[in-house]
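Visitor: Residue numbers (the numbering used here): 44 to 467. Virtual Cβ for every residue (Gly too), placed ideally from N, Cα, C. None of the values given here were measured: they were computed from a predicted structure.
1. According to DSSP, simplified to helix, strand and coil, what is residue 388?
2. Nearest to residue 372 by CA position, among 348, 359, 211 and 190, is which residue?
3. Does residue 354 pass the burial test, meaning 16 or more other C-beta atoms within 10 Å, or should it be called exposed?
4. Please state if the CB of residue 276 and the CB of residue 361 are separated by a distance shorter than 8 Å.
5. Can the beta-carbon of residue 412 be found closer than 8 Å to that of residue 345?
6. Specify the secondary structure class of residue 183 as computed by DSSP and reduced to three states.
7. Work out the CA separation of residue 150 and residue 144 for me, nearest whole Å.
8. Alpha carbon to alpha carbon, how far is residue 55 from residue 416?
9. In three-state terms, what does DSSP make of residue 352?
10. Distance check for residue 399 and residue 422, CA to CA, integer angstroms please.
11. Exposed or buried, which one is residue 177 when buried takes at least 16 other CB atoms within 10 Å?
12. Report yes if the C-beta distance between residue 75 and residue 219 is below 8 Å; otherwise report no.
13. Between the C-alpha atoms of residue 324 and residue 259, what's the straight-line distance to the nearest angstrom?
14. According to DSSP, simplified to helix, strand and coil, what is residue 71?
15. Can you round the beta-carbon distance between residue 369 and residue 310 to whole angstroms, since I take them to be within the 8 Å contact cut?
16. Look up residue 395 in the DSSP assignment and say whether it is helix, strand or coil.
17. Within the segment 296-371, note down every full alpha helix (DSSP H) run reaching 4 residues or more, in order along the chain.
18. Would you mind working out which of 305, 122, 290 and 405 sits nearest residue 352, comparing C-alpha positions?
19. Does DSSP put residue 533 in a helix, a strand or coil?
20. Residues in the same chain with beta-carbon distance under 7 Å from residue 212, minus the five sequence neighbours each way, listed in chain order, please.
21. Give me the residue from 380, 385 and 227 with the minimum Cα distance to residue 395.
22. With C-beta atoms as the reference, is residue 470 less than 8 Å away from residue 166?
23. Am I right that residue 66 and residue 229 are in contact with their C-beta atoms under 8 Å? What's the rounded C-beta distance?
24. Between which two residues does the alpha helix (DSSP H) harbouring residue 14 extend?
25. Report the CB separation of residue 164 from residue 134 in whole angstroms; it is logged as a contact under 8 Å.
26. Can you tell me where the alpha helix (DSSP H) with residue 163 in it begins and where it stops?
27. For residue 201 versus residue 307, is the C-beta distance shorter than 8 Å?
28. Give the secondary structure of residue 266 by DSSP, where H, G and I count as helix, E and B as strand, and everything else as coil.
29. With a threshold of 7 Å on Cβ separation, who are the neighbours of residue 137 within its own chain once the five nearest residues in sequence on each side are excluded?
30. Can we say the segment 121-134 touches the segment 82-100, given the rule of at least three CB pairs closer than 8 Å?
31. Would you mind reading off the limits of the alpha helix (DSSP H) that contains residue 280?
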């Protein structure tokens with residue numbers, strides 16, 4: 044029974060959601076190992092400097108940011124399943140190229156292809172979900188996919204940890220190869236989904252209509268600001284713990300495990316509270332307050348006291364932070380799907396998802412400056428930014444609603460997942 048209850052929290056219902064979940068799981072396992080080992084591989088095996096790696100990744104994700112909308116538009120016009128398959132294959136080829144590149148120019152080309160395919164693949168997958176899952180179930184299904192992704196990254200990180208223990212060229216090459224194969228398997232799984240008919244272009248309509256949708260652009264911008272939370276646990280807190288607190292270094296791993304496990308176990312439960320745009324706006328506003336509170340608590344972890352005190356404060360701050368993270372994610376998914384025209388989900392998801400590469404580009408620099416260099420005041424300022432974005436989301440969504448045609452929404456039905464809370 045306990046095992047069934049656990050599976051109900053991370054396993055989506057049968058059909059397309061399950062296929063999408065397996066696709067996410069395969070490449071997230073590869074990505075988890077890649078994230079752990081990539082920097083050491085690029086420096087020790089390829090021979091790049093940290094500056095070259097940072098510059099390459101920044102340029103790559105900048106290009107990915109620009110290509111998200113055009114690739115999403117291609118998915119709308121030529122079929123989301125086919126485009127998603129090609130982009131997964133393209134990502135596989137880009138990762139595989141890391142096995143042979145040994146110069147910065149070739150590394151830069153590989154990173155640009157990798158980031159471009161990743162950005163387009165994210166948009167195409169979201170459009171696939173929108174096309175193959177009932178409207179009232181999209182956010183819940185997206186939450187299942189997020190839980191599965193976190194589980195895969197955790198498994199992959201453990202595999203990457205083994206490679207770090209061996210610390211050999213062969214071990215690192217095996218991890219890169221595994222990530223390339225994981226995207227190949229993901230592409231094959233996408234082909235098992237039902238085909239989605241392409242949408243013909245309507246004469247007189249702009250090809251990239253999302254670029255003229257001001258309310259959606261504002262909501263996407265606010266979401267991008269909220270996504271600055273992403274490097275907090277992976278980058279900011281490790282530096283904060285080691286440089287600004289007297290907490291033991293193992294807290295870095297503890298907070299990462301806490302975040303990953305919480306999303307894996309509770310993201311679906313949080314997403315069940317989101318059923319329409321009103322509830323989505325409300326939960327994002329709440330997340331702004333919660334993220335503000337987490338930043339305030341993080342600031343207090345700088346206290347010089349017995350070791351258990353900063354440890355307790357850090358655990359509390361990370362717990363509050365992941366609650367805000369899950370709330371913001373659930374609300375953002377609902378808004379991204381519900382405010383996008385049904386025939387333009389690809390380009391709209393590409394635009395909304397552009398906040399991710401921007402957070403990857405700018406987040407590390409901003410958070411290191413705010414948190415590591417400024418200390419506690421930086422945490423407070425970051426919290427104020429989250430709060431302001433959360434409070435602004437509600438009015439932005441109401442503006443967007445006024446510009447959309449009214450479409451009736453069917454009453455939500457509970458997902459028939461055996462063992463899930465609230466089902467027989």
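Guide: Looking at the atomic coordinates:
1. Start at 1 with the first residue of the chain shown, and residue 388 comes out as number 345. Residue 388 falls in the helix class under three-state DSSP.
2. Stepping through the chain shown from its first residue, residue 372 is reached at position 329. For the set 348, 359, 211 and 190, the Cα lying nearest the Cα of residue 372 is the one of 190.
3. The residue you call residue 354 lines up with position 311 of the chain shown. Buried: at least 16 other Cβ atoms inside 10 Å.
4. Position 318 of the chain shown, counting from 1, holds the residue named residue 361. Position 233 of the chain shown, counting from 1, holds the residue named residue 276. Taking 8 Å as the Cβ cut-off, residue 361 and residue 276 qualify as a contacting pair.
5. In the chain shown, the residue the question calls residue 412 occupies position 369. In the chain shown, the residue the question calls residue 345 occupies position 302. Not closer than 8 Å, so no.
6. In the chain shown, residue 183 corresponds to position 140, counting from 1. Helix, per DSSP.
7. Working through the chain shown from its first residue, we reach residue 144 at position 101. Working through the chain shown from its first residue, we reach residue 150 at position 107. Approximately 6 Å, taken between the alpha carbons.
8. If you number the chain shown from 1, residue 55 lands on position 12. If you number the chain shown from 1, residue 416 lands on position 373. Those two C-alpha atoms are separated by around 43 Å.
9. To locate residue 352, count along the chain shown from 1; it is residue 309. DSSP, reduced to helix, strand and coil, places residue 352 within a helical segment of the structure shown.
10. The count along the chain shown starts at 1 and reaches residue 422 at position 379. The count along the chain shown starts at 1 and reaches residue 399 at position 356. Straight-line spacing of the CA atoms in residue 422 and residue 399 works out to 21 Å.
11. The count along the chain shown starts at 1 and reaches residue 177 at position 134. With fewer than 16 Cβ atoms within 10 Å of its Cβ, residue 177 is classed as exposed.
12. Walking along the chain shown from the start, residue 75 turns up at place 32. Walking along the chain shown from the start, residue 219 turns up at place 176. The Cβ atoms of residue 75 and residue 219 do not sit closer than 8 Å to each other.
13. Walking along the chain shown from the start, residue 324 turns up at place 281. Walking along the chain shown from the start, residue 259 turns up at place 216. Going from the Cα of residue 324 to the Cα of residue 259 covers about 14 Å.
14. The count along the chain shown starts at 1 and reaches residue 71 at position 28. Correct three-state label for residue 71: helix.
15. The residue given as residue 369 occupies position 326 in the chain shown. The residue given as residue 310 occupies position 267 in the chain shown. The C-beta distance from residue 369 to residue 310 rounds to 5 Å, short enough to meet the 8 Å contact threshold.
16. The residue labelled residue 395 in the question sits at position 352 within the chain shown. It is helical.
17. Entirely contained in the segment 296-371, the alpha helix (DSSP H) runs reaching 4 residues are, in chain order, 320-343.
18. Locating residue 352 in the chain shown gives position 309, where the first residue counts as 1. Of 305, 122, 290 and 405, the smallest CA-CA separation from residue 352 is found for 290.
19. The question about residue 533 has no answer here: the residues shown for the chain are numbered 44 through 467.
20. Position 169 of the chain shown, counted from the start, is the residue given in the question as residue 212. Shown here for residue 212: same chain residues with a beta carbon closer than 7 Å to its own, the five before and five after excluded, namely 88 in chain order.
21. The residue labelled residue 395 in the question sits at position 352 within the chain shown. Residue 380 is the option with its Cα nearest to residue 395.
22. Because the chain in this structure spans residues 44 to 467, residue 470 falls outside the shown range and cannot be described.
23. Looking up residue 66 in the chain shown gives position 23. Looking up residue 229 in the chain shown gives position 186. Confirmed, about 4 Å.
24. The displayed coordinates of the chain run from 44 to 467. Any statement about residue 14 would go beyond what the structure contains.
25. As a first step, residue 164 is located in the chain shown; it is residue number 121 there, counting from the start. As a first step, residue 134 is located in the chain shown; it is residue number 91 there, counting from the start. Indeed, because the Cβ distance is near 6 Å, the residues count as touching under 8 Å.
26. Taking the chain shown and counting its residues from 1, one reaches residue 163 at position 120. Unbroken alpha helix (DSSP H) run through residue 163: 147-175.
27. Numbered from 1 along the chain shown, position 158 holds the residue referred to as residue 201. Numbered from 1 along the chain shown, position 264 holds the residue referred to as residue 307. Between residue 201 and residue 307, the CB-CB gap reaches or exceeds 8 Å.
28. Locating residue 266 in the chain shown gives position 223, where the first residue counts as 1. Three-state DSSP puts residue 266 in a helix.
29. By one-based count along the chain shown, residue 137 stands at place 94. Here the set comprises 153, 156, 157 and 160.
30. No contact exists between the segment 121-134 and the segment 82-100.
31. Counting from 1 along the chain shown, the entry for residue 280 is found at position 237. Start and end: 280-287.
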